[in-house]
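In mature numbering (1 follows the signal peptide of the UniProt record, and there is no 0), the protein residues as written are -38 to -1, 1 to 373. First comes the structure, then the notes that go with it.
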């Protein structure tokens, strides 16, 4: 019997083309990964006959439908993505809210078409799909609130993409799980299209932005993707096949609220990647988060290091305070800690949700470059006619073109 999953050798890796400094860094990093972490550098599966299918670094994990998930460049072994971990193949759940059912999700199964035909899905209405980020699930309150805001703005189907069972892992693995999660989302979109649905708007936060991109790469018929502070770690300066990019939909708008390096507690991508890239408050620190902001970057990095895995550093390489080495997190306490310390990263969600029902909020102004936007060198007042408001209604702007444009504003 053929296995559901199989491993194959990836295309020749270009790791030998890396700069010697990076090769040394990779060797040192891998040598210092703990035994527990090392187990996460491969994925082990069994087929229906319980035969082992273990995929190692440098191989691809391939599914029965032909989709493969490689670990070689540009997906891994690069300066931007030094650790290549195969994605988790945990099933993604799809939860539907509709105009007639605004408070209780209906779960849709990709393998049981009757779950759609028996649901409140309306193929004549536009479809919105919301995708959460790292260490979250489809039960987040903000996803329900965003769906309800969509309902208030107009008749639509609103799907919540719950990949939580695969997001609760070390970051390097979650960052590659976007490919398998995106593949499953593309399957949902194909099913909905076959039922007559024709207008799709995907909204992703953090890693969810890149899941939306992967789904759109496969499906090809996505009208719009909104990236809410797309994750920067493992995605900054990577090829567009790895991350969200304006080529993935007819219109891509991005809100950058935490566009600073990870060493300064930044989680968002810095570079412009959409048709419209908005940088409110210089794209770095949101005024609503001032009371939560930590100035002790080292302590935060040390505290989170055992959970995040090998990103840019590890406790062995950092001069970490002793008290940070004994911190124990539950998923619940991690979520609360993360939302407090990384408040700026989550502010993009709040801005976008507020914009859905207030089309005049968040007026923006053009800026010549991302460098000037981050430096605060562009005007955030003056005549605004023709310029977009940040958020849901930005697509209505007369400024929409096929080129990339940077906008700034104060909130």
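Cβ atoms here follow ideal geometry from the backbone N, Cα and C, with glycine treated the same way.
C-alpha distance - residue 341 paired with residue 93, whole-angstrom precision: Going by the C-alpha atoms only, they are around 33 Å apart.
Residue 346 (DSSP reduced to helix, strand or coil): Residue 346: coil per DSSP, three-state reduction.
Identity of the residue in 83, 369, 77 and 172 nearest residue 383 by Cα: In this structure the chain extends from -38 to 373, so residue 383 is not present and cannot be described.
Element boundaries [alpha helix (DSSP H), containing residue 180]: For residue 180, the uninterrupted alpha helix (DSSP H) run begins and ends at 169 to 181, by DSSP.
Sub-9 Å separation of residue 314 and residue 354 beta-carbons: Judged by their CB atoms, residue 314 and residue 354 are nearer to each other than the 9 Å cut-off.
Where the beta strand (DSSP E) through residue 239 begins and ends: 238 to 242 is the span of the beta strand (DSSP E), which, as asked, contains residue 239.
Inter-residue Cα distance where the pair is residue 153 and residue 325: Taking the straight line joining both Cα atoms gives about 37 Å.
Helix, strand or coil at residue 365 according to DSSP, with G and I counted as helix: Of the three classes helix, strand and coil, the one that applies to residue 365 here is coil, per DSSP.
Residue 135 and residue 44 closer than 9 Å at C-beta: The Cβ-Cβ distance between residue 135 and residue 44 does not fall below 9 Å.
Beta carbon of residue 218 nearer than 9 Å to that of residue 178: Contact flag unset, no.
Euclidean distance between Cα positions of residue 128 and residue 166: Per the coordinates, the alpha-carbon of residue 128 lies some 16 Å from the alpha-carbon of residue 166.
For residue 60, the first and last residue of its enclosing beta strand (DSSP E): First-last of the beta strand (DSSP E) with residue 60: 55 to 60.
Same chain only: Cβ atoms within 7 Å of residue 243, ignoring 5 sequence neighbours per side: The residues are 249, 372 and 373.
Endpoints, alpha helix (DSSP H) assigned at residue 121: Annotation: residue 121 is outside any alpha helix (DSSP H); the continuous beta strand (DSSP E) that includes it extends over 118 to 124.
Separation of residue 190 from residue 197, as counted between CA atoms: Answer to the nearest angstrom: the Cα atoms are 14 Å apart.
Closest residue to residue 59 among 130, 146, 82 and 224 (Cα-Cα distance): If we check each option's Cα against that of residue 59, 82 comes out closest.
Identified DSSP bridge partners for residue 156: None, per the DSSP bridge assignment.
Pair within 9 Å by beta-carbon distance, residue 119 and residue 143: No, the Cβ-Cβ distance between residue 119 and residue 143 is not below 9 Å.
Integer-rounded CB distance, given that residue 51 should sit under 8 Å from residue 97: Going by Cβ atoms, the distance from residue 97 to residue 51 rounds to 19 Å, so no, they are not a contact pair.
Every unbroken alpha helix (DSSP H) within the region 130 to 156, with a cutoff of 4 residues, ordered by chain: Taken in chain order, the complete alpha helix (DSSP H) segments of 4 residues or longer contained in the region 130 to 156 are 133 to 156.
Beta strand (DSSP E) segment containing residue 215, residue limits: Residues 213 to 217.
Cα-Cα separation, residue 331 to residue 168: Looking at the two C-alpha atoms, the distance is approximately 23 Å.
Burial state of residue 114, where buried means 16 or more other Cβ atoms lie within 10 Å: Answer is exposed; the Cβ neighbour count stays below 16.
Secondary structure of residue 230, DSSP reduced to three states: Looking at residue 230 - three-state DSSP - the assignment turns out to be strand.
The alpha helix (DSSP H) enclosing residue 327, as first and last residue numbers: In the DSSP annotation of this structure, residue 327 is not part of any alpha helix (DSSP H); the continuous beta strand (DSSP E) holding it starts and ends at 327 to 329.
Of the listed residues 121, 215, 309 and 30, nearest to residue 90 (C-alpha basis): Ranking 121, 215, 309 and 30 by CA distance to the CA of residue 90 puts 121 first.
Beta-carbon proximity of residue 146 to residue 57, cut-off 9 Å: No, these two residues do not count as a Cβ contact at 9 Å.
Assumed close pair residue 199, residue 226 - CB separation to whole angstroms, cut-off 8 Å: Incorrect: roughly 17 Å between the Cβ atoms, too far for contact.
Cβ neighbour criterion (16 or more within 10 Å) applied to residue 246: In the assembly as shown, residue 246 is a buried residue. Its beta-carbon has 16 or more other beta-carbons within 10 Å.
Among 214, 107, 36 and 95, nearest to residue 64 - alpha-carbon criterion: Nearest in C-alpha terms to residue 64, of all of 214, 107, 36 and 95, is 107.
For residue 228, the nearest candidate out of 125, 62, 192 and 77 (CA to CA): Of the listed residues, the one whose Cα sits closest to residue 228 is 192.
9 Å Cβ cutoff met for residue 150 and residue 221: The answer is no: Cβ separation not under 9 Å.
CB of residue 140 within 9 Å of CB of residue 176, strictly: Yes, the Cβ-Cβ distance between residue 140 and residue 176 is below 9 Å.
Exposed unless 16 or more other CB atoms sit within 10 angstroms - verdict on residue 32: Label assigned to residue 32: buried.
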